[in-house]
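Asks: Okay, here's the structure, questions in a sec.
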Amino acid sequence: MESPSYTSCDFPIVASHSKLSRSFTGPPSDLHRTKVEDCVGAIDGTHIRVKVSSAEAPKYRGRKDYPTQNVLAACTFDLKFTYVLPGWEGTTSDSRIIKNALSRPYPLRILEGKYYLVDAGFMLRSGLITPYRGEQYHLKEYSRNPPTNPRELFNLRHASLRCAIERAFGVLKKRFPIVGSSTEPHYGLETHKEIIFACCILHNYLMGVDPDETLIAQVDDELRDVAGEEHRASGENNEETIQGEIIRDAIAMEMWQDYIE
């Protein structure tokens, strides 16, 4: 399958909304920088109900019983979106979408030396850091068993920070039912993609002027009640993967030394 055809509105480079985009999709707030300062945010995908023809519906019907588009997004730790790529069929894996996002004409840019946190369904590389496999990961697991080695501690910190993207998606969908509802939208895919962009820009604005702590608390409560999903590793093993492993190991050891001292 060819990658989806998009207009020139790949977020945050949104041609028709460029002024808004520049105003409300800025870099992370210094108040929300992580201990490891080169980490700039988190990336994940979310499924949003889509209206497509009955002939196209099967390839859009992935995790849900109804057709969805898989929307890839990056956010900062203050829950503001910095990149959004909608339109992919619901059956498409996150790892495939991220590869496209990194190589398309208006790509997701990861500055040299910086990285995003991603779940195990993505590929490990210098700019995309996944958790260690084979170790505890989900926060509920650590509430019963504190970390006992560098890998477990890394996974605990990774999980607590990476959930920023899940929180951002949760707040977005609660604020804007048009992207959060399981009811089939009245609009076709292309129009709905534009609506998603607009909602993300408005979300960023509101997070700056009126974060609505009550709404965020509701999302946090819901996330605590949801069991973490298991993700199949991408299975890649190349030079970029090795570089990612080196960076991850160095971060884990730094965290562990601070933890035991």
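The opening position of the sequence shown corresponds to residue 1 in the UniProt record's numbering, with each subsequent residue numbered one higher. Ideal placement from N, C-alpha and C gives every residue a C-beta, glycine not left out. Since this is a predicted model, take the numbers as computed values, not measurements.
What's the gap between the Cα of D60 and the Cα of E213?
Replies: Checking the sequence shown, residue 60 turns out to be Tyr, not Asp. Taking the straight line from one Cα to the other gives about 34 Å.
Asks: Shortest alpha-carbon distance to C39 belongs to which of G90, S54, T130?
Replies: Residue T130 is the option with its Cα nearest to C39.
Asks: Quick one: Cα of R151 to Cα of V171, how far?
Replies: Rounded to whole angstroms, R151 to V171 spans 30 Å at the Cα level.
Asks: Could you pull the start and end residues of the beta strand (DSSP E) that Q69 belongs to?
Replies: Q69 -> beta strand (DSSP E) spans 68 to 75.
Asks: In the DSSP assignment, find the beta strand (DSSP E) that holds G87 and state where it starts and stops.
Replies: Note, G87: beta strand (DSSP E), 81 to 89.
Asks: Buried or exposed for Q69, please, with buried defined as at least 16 other CB atoms from any protein chain shown within 10 angstroms of its CB.
Replies: So Q69 ends up on the buried side.
Asks: Among residues of its own chain, excluding the 5 on either side of A57, which ones have a beta-carbon nearer than 7 Å to its beta-carbon?
Replies: Excluding residues within five positions, the ones whose Cβ falls inside 7 Å are P67.
Asks: Taking only beta-carbon atoms, is F197 less than 8 Å away from chain B?
Replies: Note that chain B does not occur in the displayed structure, where there is just one protein chain.
Asks: Check whether the Cβ atoms of Q243 and R125 lie closer than 8 Å to each other.
Replies: Yes, they are a contact pair.
Asks: Do the CB positions of L189 and K51 come within less than 8 Å of each other?
Replies: Contact flag set, yes.
Asks: Flag this pair as yes or no: are the beta carbons of Y116 and A42 separated by less than 8 Å?
Replies: Yes, the Cβ-Cβ distance between Y116 and A42 is below 8 Å.
Asks: Using C-beta distances below 6 Å, list every residue in its chain close to D44, excluding the 5 sequence neighbours before and after it, in chain order.
Replies: The answer, listed in chain order, is I165.
Asks: Could you name the residues of the same chain whose beta carbon sits closer than 8 Å to that of L161, not counting the 5 residues immediately before and after it, in chain order?
Replies: Closer than 8 Å at the Cβ level, and outside the excluded window around L161, lie T34, C39, A42, F77, L117.
Asks: The beta strand (DSSP E) with A168 in it runs from where to where?
Replies: Premise fails: A168 lies in the alpha helix (DSSP H), 150 to 175, not in any beta strand (DSSP E).
Asks: Do you know how far the Cα of K114 is from the Cα of A101?
Replies: Between A101 and K114, the C-alpha separation is close to 17 Å.
Asks: At what residues does the beta strand (DSSP E) containing T241 begin and finish?
Replies: Note, T241: premise wrong, no beta strand (DSSP E); alpha helix (DSSP H) at 239 to 260.
Asks: What is the rounded straight-line gap between the Cα of K80 and the Cα of H203?
Replies: Near 7 Å, if we compare the C-alpha coordinates of H203 and K80.
Asks: With H, G and I counted as helix, E and B as strand and the rest as coil, what does DSSP make of A217?
Replies: Three-state result, A217: helix.
Asks: To the nearest angstrom, report how far apart G87 and S103 are at their CA atoms.
Replies: Those two C-alpha atoms are separated by around 16 Å.
Asks: Considering just the uninterrupted stretch of the alpha helix (DSSP H) at V209, what are its terminal residues?
Replies: Looking at the DSSP string, the run of the alpha helix (DSSP H) that includes V209 is 189 to 209.
Asks: With distances taken between CB atoms, is the gap from I216 to R167 smaller than 8 Å?
Replies: Yes, these two residues count as a Cβ contact at 8 Å.
Asks: What's the C-alpha gap between L128 and F169?
Replies: The straight-line gap from Cα to Cα measures roughly 19 Å.
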